[in-house]
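First residue of the sequence shown: 1, per full-length UniProt numbering; consecutive thereafter. Backbone N, C-alpha and C define an ideal beta-carbon position, used for all residues, glycine too. From a predicted model like this one, the values you see are computed outputs, not experimental measurements. Have a look at the structure below, then the notes.
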Amino acid sequence: MEANNLKNGLAEWDDVITVSLYGLYFIVMPSAEMHFSCKSVNIHCGHIPMLWGSPSVASRELFHALQDEPTKIMLLGGFPSHVAVAVAQTARWWNMIQISPAAFDPDLSQRTKYPYFFRTRAALTTFNAARKSLLDHFSWTRIAIIARQTDYFITTTDMMTVYLEDHGIDALTTEVYQTEAQPMNEIKRIKQLDARIVFVFAFEEHARKIFCQHSGARYCVRFRDLRVGRHGNNLPVLISHYIGMAIAYRAGLIDSRHVWIMHYGNNPRWMDKGTDDGLCSVEDIRRAADGHLVIRDVTLREDDVIPLCGLSVQQFLHEYHQMAEAMGVAPSDFYAPLTYDAIWSLVLALNDSVRRLQDLDMEPLHNFTYESEDMARVMMQSMNALRFEAMGGVLSYSESGDISTLQATIQQFRDDEYITVARHYSYDDNMVWLNEIKWKNGRVPLDSVRTITTQVLISLPIYYTMSAMALFGVVLAATFLWFNISQRHTKLIRMSSPNLNNVVIIGCTFAYISIIFYGLDSRYAHGDTLLAACQLRMILLAFGFSLGFGALFAKTWRVFKIFTNKSAKRVVIHDGHLLGLVGGFLAMDVILFVFWFSLDPLALEEIKADPQEDPENPDYLIVRSLTRCSSKNGGWVQLIFYGIKGVVLIFGVFLAWQTRQVSIPALNDSKYIGVAVYNLMILCMTGVPASFVLGELLVDLLFGLVAACIFASTSITMCVVFVPKILVMKNGGMANAITNTVGDSTAGTSTVTNLTTVCEKCRAICPSSSFKSSPTAYNS
């Protein structure tokens with residue numbers, strides 16, 4: 001025999017070859033009959049029994065057919081997966097090529113177990129790439145799985161879990177429920193895990209139940225199942241359906257936060273029925289199903305390409321429905337093209353096998369026997385080499401017998417119909433988006449509550465305000481420093497210890513600058529720079545206290561020593577002694593800092609507050625985070641610092657109280673020093689405890705309070721020390737100051753003796769000064 005031409009992809013031979021196929025199908029029989037009546041196909045169809053759903057019956061009928069003449073070369077069917085498995089396990093020993101238009105069991109892809117099996121229906125696992133692309137598109141990385149306890153569903157869940165986890169998608173749990181059970185406990189566990197993308201594998205009658213249990217809760221359930229249902233005239237129909245909307249509806253897991261994504265079967269109106277137990281009505285199920293997504297096979301092409309048979313999709317459906325009506329069979333638009341393409345695959349493979357057998361000088365095709373293993377291998381090669389325009393698109397087969405040119409369609413159910421939103425092409429793993437998905441709240445649902453970490457930063461208005469006040473304080477300190485230096489040769493300033501006054505100003509300047517560094521956070525500095533800023537603000541504040549308050553303390557101590565001296569011996573205390581006392585305070589700070597930063601250095605630490613729900617989007621939790629400087633024993637070191645400063649402060653308050661009766665503004669500022677000490681004591685007692693009581697995350701309040709205390713105590717200290725001197729200089733200088741002092745001291749009775757006593761005290765305070773013995777010498 002020789003091929004004389006090629007029409008519709010088939011070689012027309014001079015001799016007609018009659019071969020026998022064996023079919024195990026019923027509901028798609030009109031589609032098969034259409035094919036066998038095609039004039040271009042010179043193949044006679046053998047015995048076609050009407051079988052459904054029983055592996056044992058299918059095996060029995062297959063054995064009978066194998067015993068009867070004529071010899072069957074290829075096998076079409078079985079229809080459900082479990083029937084196809086049973087038939088494939090048997091047919092392999094008779095070297096029969098088998099093709100199923102409906103079997104989806106992933107186990108059938110194992111060539112070692114099913115060496116001659118092919119199918120036009122995609123296996124459940126072949127949609128893994130489409131699932132992953134969909135998950136990736138919406139950044140979903142957490143899923144859960146619920147499956148009915150059947151071998152092919154369990155195999156699918158295992159393979160899918162491995163595939164997705166290899167691509168960075170976490171399967172939180174796989175829940176398996178018994179065939180007749182209500183999967184309520186499984187749903188509860190999924191809910192406890194807050195899983196919003198849930199793959200479900202089950203049959204149609206369970207789909208509505210699961211949706212009914214979940215409805216009203218917040219789950220994105222992703223469904224993937226092929227199920228057995230009932231269709232028309234009580235005829236059993238295999239459908240890829242969505243297990244159970246009932247359980248979903250009652251558990252309250254359907255809202256705008258979640259999306260149900262299911263695998264589409266042959267019945268697009270699967271939700272047009274309530275649950276058998278009456279828990280959910282059709283309206284409940286349809287409400288729960290609104291907006292869900294489906295993944296489905298493309299069984300009817302949507303382009304303008306005419307398939308190999310010469311019939312367009314519209315012509316095929318028209319003729320198919322006519323024949324189904326004539327045969328009294330309810331049509332199945334989903335499986336009919338799959339069956340049609342399956343038979344075309346057999347026809348084309350047989351046609352190609354004739355040529356291959358001739359080329360190999362083997363027995364002709366019509367001499368096939370059940371022992372013809374070599375001939376079966378040739379037909380296998382012909383099947384694997386197929387590539388043609390089928391009803392669903394370009395069709396070819398992989399080495400495992402699965403279709404290698406799978407097209408998966410993603411659809412959304414809205415406005416009472418399925419709208420195609422995307423299409424996935426398996427051969428290049430490409431997802432093409434065709435329409436926008438409409439989400440219930442206008443936002444893409446998340447696979448879990450997302451946590452957003454926000455850095456806690458000092459508000460700019462507060463920081464700028466406090467920094468401006470600190471700079472003003474620096475300017476004020478510079479003004480007082482200029483006054484103190486420029487007037488240092490006048491008797492009033494000389495007797496108030498100008499060197500110690502300078503130390504007070506320097507200490508106050510350090511305190512002001514520490515405010516600016518105290519407000520520096522991760523907005524302005526990072527890493528080592530932020531650590532350096534932390535260290536500098538601690539050092540500036542400690543040194544500022546030691547210099548500023550230390551100088552005031554030294555001056556108060558000198559007044560205390562002189563005016564409480566009961567002996568006749570003259571007490572002389574030079575500024576050098578007082579500066580040495582201040583230096584001692586400063587040395588203690590240096591020693592503590594050196595040991596602290598050497599033995600227990602500061603490090604950056606991130607502290608976080610408890611998550612709080614975002615008021616604008618409940619899918620987000622806001623976690624406030626603060627970057628701070630800390631060390632292992634930093635708290636103890638700070639207590640040592642506060643303890644030392646507190647002791648000095650308390651002793652300073654004691655000295656101020658003891659010298660409260662001394663009022664010689666022209667010669668010393670003891671009274672004003674006491675005011676400064678009291679003020680510093682009160683503000684420190686307010687600011688330091690508050691810094692411990694207030695939470696560190698209340699940065700605005702904490703910074704504002706601490707900065708205000710530093711600014712207030714520093715400014716008051718400088719003003720009470722220098723403003724009176726400026727006023728004295730303005731109101732008459734040294735002579736008026738002494739006269740006023742004597743008047744105040746004697747309550748209106750000024751005597752030379754009192755003045756002489758005052759002058760002696762002044763000489764003790766400022767030995768380098770010369771005081772005239774006559775009061776009139778100071779009169780202008």
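Smallest Cα separation from residue i: which of the options?
i      : options                        : result
Ile644 : Leu698, Ser56, Val57, Leu586   : Leu586
Leu311 : Asp341, Ser546, Ala330, Leu76  : Asp341
Arg301 : Cys629, Ser345, Leu406         : Leu406
Asp416 : Ala511, Asp290, Gly78          : Asp290
Arg131 : Lys113, Thr112, Tyr114, Thr156 : Thr156
Glu69  : Val298, Tyr370, Asp352         : Tyr370
Cys309 : Val449, Leu317, His526, Met391 : Met391
Leu317 : Asp303, Asp304, Ser332         : Ser332
Ile73  : Glu165, Met379, Val85          : Met379
Asp447 : Ser100, Ser256, Ser59, Ala123  : Ser256
Leu579 : Val594, Val590, Ser546, Phe597 : Ser546
Leu702 : Met495, Gln412, Leu457         : Leu457
Met469 : Gln455, Asp429, Arg488, Ile515 : Ile515
Phe641 : Phe560, Ile437, Leu541         : Leu541
Please go through the same chain and pick out, in chain order, the residues whose beta-carbon is closer than 8 Å to the beta-carbon of residue i, but skip the five residues on each side of it.
i      : result
Leu581 : Gly550, Phe553, Ala554, Trp557
Asn484 : Ile493, Pro498, Asn501, Asn502, Ile505, Phe722
Ala84  : Gly77, Gly78, Gln98, Ser100, Ala102, Ala103, Asp105, Leu108, Phe117, Arg119
Going by other Cβ atoms of all chains shown within 10 Å of its Cβ, with 16 needed for buried, is residue i buried or exposed?
i      : result
Lys39  : Low per-residue confidence applies at Lys39: pLDDT is 41, beneath 50, and the placement is therefore not dependable, though the value from the model is reported in the following sentence. Lys39 should be labelled exposed.
Leu62  : buried
Asn128 : buried
Gln110 : exposed
Tyr463 : buried
Arg119 : buried
Gln178 : exposed
Leu226 : Model confidence at Leu226 stands at a pLDDT of 33, short of 50, so the residue's coordinates are unreliable; what they give is reported in the following sentence. Leu226 comes out buried.
Ile410 : buried
Thr564 : exposed
Glu186 : buried
Asn351 : buried
Thr659 : buried
Leu235 : Here Leu235 scores only 31 on pLDDT, less than 50, and its place in the model should not be relied on; the value that follows carries that caveat. Exposed, by the Cβ-count rule.
His292 : buried
Residues in its own chain within less than 6 Å of residue i by CB, not counting five upstream and five downstream?
i      : result
Phe117 : Ala88, Gln98, Leu108, Gly401
Met431 : Ser133, Ala422, His424
Thr465 : none
What is the rounded straight-line gap between the Cα of residue i and the Cα of residue j?
i           : j      : result
Thr150      : Thr453 : 44 Å
His321      : Cys280 : 34 Å
Thr490      : Leu698 : 49 Å
Pro55       : Thr112 : 21 Å
residue 787 : Ala288 : Outside the displayed range of the chain (1 to 780) lies residue 787, so it cannot be described from this structure.
Thr741      : Ala525 : Only weak support exists for where Thr741 lies, its pLDDT of 45 falling under 50; the coordinates are left without a value.
Ile306      : Gln314 : 10 Å
Ala207      : Trp270 : 9 Å
Thr174      : Glu613 : 29 Å
Asn441      : Val294 : 19 Å
Glu91       : Leu76  : Reading off the sequence, residue 91 comes out as Ala, not Glu. Cα-Cα distance, rounded: 11 Å.
Asn754      : Leu655 : Low local confidence applies: a pLDDT of 45 at Asn754 is under 50, so the model's placement there is unreliable, with the coordinate-based value given in what follows. The alpha-carbon atoms of Asn754 and Leu655 are separated by roughly 24 Å.
Cys508      : Arg450 : 48 Å
Thr749      : Ser486 : Summary for Thr749: the model assigns pLDDT 34, below 50, so the residue's position carries little reliability; its value from the coordinates is reported in the next sentence. Distance between the alpha carbons of Thr749 and Ser486 is about 35 Å.
His137      : Gly544 : 58 Å
Leu66       : Ser372 : 14 Å
Trp439      : Trp260 : 12 Å
Met184      : Thr71  : 52 Å
Can you find a CB in chain D that lies within less than 7 Å of the CB of residue i?
i      : result
Glu175 : Protein chain content of the structure displayed is limited to a single chain, and chain D is not contained in it.
Using a Cβ-Cβ cut-off of 7 Å (strictly less than) and excluding sequence neighbours within five positions of residue i, which residues of its own chain qualify?
i      : result
Asn435 : Ile419, Thr420, Val421
Gly393 : Val298, Arg301, Thr405, Gln407
Inter-stretch contact (C-beta, 8 Å, three-pair minimum) for the region 279-289 and the region 388-404: The answer is no - the region 388-404 does not touch the region 279-289, with fewer than three Cβ pairs under 8 Å.
Contact between the region 194-203 and the region 139-150 (3+ Cβ pairs under 8 Å): Yes, they touch.
The region 495-509 contacting the region 608-626, beta-carbon criterion three pairs below 8 Å: The region 495-509 and the region 608-626 do not touch, with fewer than 3 CB-CB distances between them shorter than 8 Å.
Segment contact, 8 Å Cβ cut-off, at least three pairs: the region 714-728 with the region 471-482: The region 714-728 is in contact with the region 471-482.
The region 596-605 touching the region 628-641, judged by at least three CB pairs closer than 8 Å: With the cut-off at 8 Å, the region 596-605 and the region 628-641 touch.
At least 3 beta-carbon pairs within less than 8 Å: the region 616-624 vs the region 510-523: Contact between the region 616-624 and the region 510-523 is absent, because fewer than three Cβ pairs lie under 8 Å.
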